[in-house]
Amino acid sequence: MRIVDIREHAVPIHSKQRNSRFDFSLMDTSVVAVVSDVIRDGRPLVGYAFNSFGRYNCSAMVRERFGPKLLGAPPELLLDEAGTNFDPARAVECMLQRERNGAHAERCIPVGTLEVALWDLVAKIEQRPLYRVLADRFNDGRFSDRVPVYVGGGWYAPGQTAEDLRREMQGYLDAGYRMVKTKIGGLPLAQDIERIETLLRVVGGGPSLAVDANCGFDRERAFAYAKALAPYGLRWLEEPCDPMDYELYRELAQAYPHPLANGENFSGARELDNFLRYGGFRPGQDVIQVDPPLAYGIGEYVRCLEVSRRFGFGPEAMYPHGGNLMSLHVVAGLGLAACEAYTGVFGVFGGFGDEVSIGEGMATLPQSPGIGFERQPALWAILSQLTEGA
Ligand code: MG
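Going by our numbering, the sequence shown opens with residue 932, and the numbers climb by one from there.
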């Protein structure tokens, strides 16, 4: 059993939306395919993944550095003890050979994306959906058959009116969602507050609305927003400032009475450990949002859970970034709090495919072997092109 090919392609997201700091007009993502020599129904089994949302492609790193390491490794080094399946942890070990400790941000995305693709392959070889495999490996076999989801929406868009925003959010409620998130920081504070009040009238109250500043605030603006937002009792205030500014987070946590959120820009367990040590996050209240393919993959996510536990944060604090099937499986298999959902943003990469339905704020789970991208037709049209002729 061996990996015979690794294919990669950078695909534009095609989006005009923007957050507090930048627009997504040039945004793309890497789609990867790890091709094995395991043959089912006359075709090789392939693991697929992409590097989530809002980070540019990692093409060169996959093609020139980490893909060749996997392809060049003795095949048995990438297998589990029994030799009957691939072992993503061993694959990560292999990719990190001759790499330094530190400088994690340089490599956590290509390694994480390839690692998640390997999990897709592992679950396909076991002929089970990925969340079931993860539950057995990491969660004593426990899994949810429906998981809470919330919508990452409310982006800024050219010419957007209050009515546009209201209609967008009403659409999410009509589609079965109960909690939504909106961007803040892209307009002056007073106008952002107007947006929030518009949205609260739609969703019904602060606990159903989170806000995301995408690291856009300096100290003065962060405190101005914290003060203005406090009366609304919002579900959480996400990334008010630079994710590594532990001191400012610590001070905000002392001043702001409602939940804060951080973590989608962490490279893995080491950065999370440092942040929880010094950033003032409050167990039982604040929210952690590490995104597996952006942070060395699912094995590293399990280490993030272990780190979080040491600081008093259980799975109920974990809301992985990334409204996609990869995060959905991780939430279901590891028993986490909720998964983000992107409906109508990030083009074909958003959404969960035709096996998943939404109702009462919960998502059902795919039953296809692996992650189930094959049942997400517009995305599958792109992924399957990677392996034409394989
Ligand atoms: Mg965010």
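Cβ atoms here follow ideal geometry from the backbone N, Cα and C, with glycine treated the same way. If you're wondering where the values come from, they're calculated on a predicted model, not measured in any experiment.
Can you give me the C-alpha to C-alpha distance between residue i and residue j, rounded to a whole angstrom?
| i | j | result |
| --- | --- | --- |
| residue 1232 | residue 1046 | 11 Å |
| residue 959 | residue 1196 | 17 Å |
| residue 1086 | residue 1123 | 12 Å |
| residue 1120 | residue 1159 | 8 Å |
| residue 1243 | residue 1215 | 8 Å |
| residue 1287 | residue 1295 | 5 Å |
| residue 1118 | residue 1091 | 12 Å |
| residue 1310 | residue 1186 | 43 Å |
| residue 1076 | residue 998 | 34 Å |
| residue 1132 | residue 1194 | 29 Å |
| residue 1172 | residue 1025 | 35 Å |
| residue 1103 | residue 1163 | 21 Å |
| residue 1108 | residue 932 | 43 Å |
| residue 1181 | residue 1055 | 43 Å |
| residue 1040 | residue 982 | 7 Å |
| residue 1129 | residue 1093 | 7 Å |
| residue 1184 | residue 1191 | 7 Å |
| residue 1284 | residue 1222 | 19 Å |
| residue 1211 | residue 1179 | 9 Å |
| residue 1321 | residue 974 | 8 Å |
| residue 1142 | residue 1167 | 6 Å |
| residue 948 | residue 1260 | 27 Å |
Who are the Cβ neighbours of residue i in its own chain at under 6 Å, not counting the five residues just before and after it?
| i | result |
| --- | --- |
| residue 952 | 1145, 1147 |
| residue 1250 | 1218, 1220, 1268, 1269 |
| residue 1028 | none |
Where does the unbroken beta strand (DSSP E) through residue i begin, and where does it stop?
| i | result |
| --- | --- |
| residue 1206 | Segment 1200 to 1209 is the alpha helix (DSSP H) holding residue 1206; no beta strand (DSSP E) there. |
| residue 1271 | 1270 to 1272 |
| residue 934 | 934 to 943 |
| residue 1257 | From DSSP, residue 1257 is part of no beta strand (DSSP E) but of the alpha helix (DSSP H) over 1256 to 1265. |
| residue 1191 | 1191 to 1193 |
| residue 979 | 974 to 981 |
| residue 1293 | 1293 to 1295 |
| residue 968 | 959 to 971 |
If I follow the unbroken alpha helix (DSSP H) through residue i, where does it start and stop?
| i | result |
| --- | --- |
| residue 1313 | 1308 to 1317 |
| residue 1232 | 1229 to 1241 |
| residue 1003 | 998 to 1003 |
| residue 1184 | 1177 to 1186 |
Going along the chain, which residues of its own chain have a beta-carbon closer than 8 Å to the beta-carbon of residue i, five neighbours each way excluded?
| i | result |
| --- | --- |
| residue 1035 | 1198, 1199, 1201, 1202, 1227 |
| residue 1298 | 1060, 1286 |
| residue 1010 | 932, 1016, 1017, 1018, 1021 |
| residue 1238 | 1200, 1203, 1204, 1207 |
Please list, in chain order, all residues of the same chain as residue i whose beta carbon is under 7 Å from its beta carbon, the five residues on each side excluded.
| i | result |
| --- | --- |
| residue 922 | The chain is shown from 932 up to 1321; residue 922 falls before or after that span and cannot be answered. |
Taking 8 Å as the cut-off, does the CB of residue i come closer than this to any heavy atom belonging to ligand 2?
| i | result |
| --- | --- |
| residue 1123 | For ligand 2, the structure offers nothing, since it holds only ligand 1. |
Complete beta strand (DSSP E) runs within the segment 1094 to 1161 (minimum length 3 residues, chain order):
For secondary structure counted as the beta strand (DSSP E) over 3 or more consecutive residues, the segment 1094 to 1161 holds these complete runs in sequence order: 1111 to 1114, 1140 to 1143.
Identify every run of the alpha helix (DSSP H) within the segment 1017 to 1078, keeping only runs that are complete inside it and at least 4 residues long; order them along the chain.
Here the runs fully enclosed are 1019 to 1026, 1035 to 1057, 1061 to 1069.
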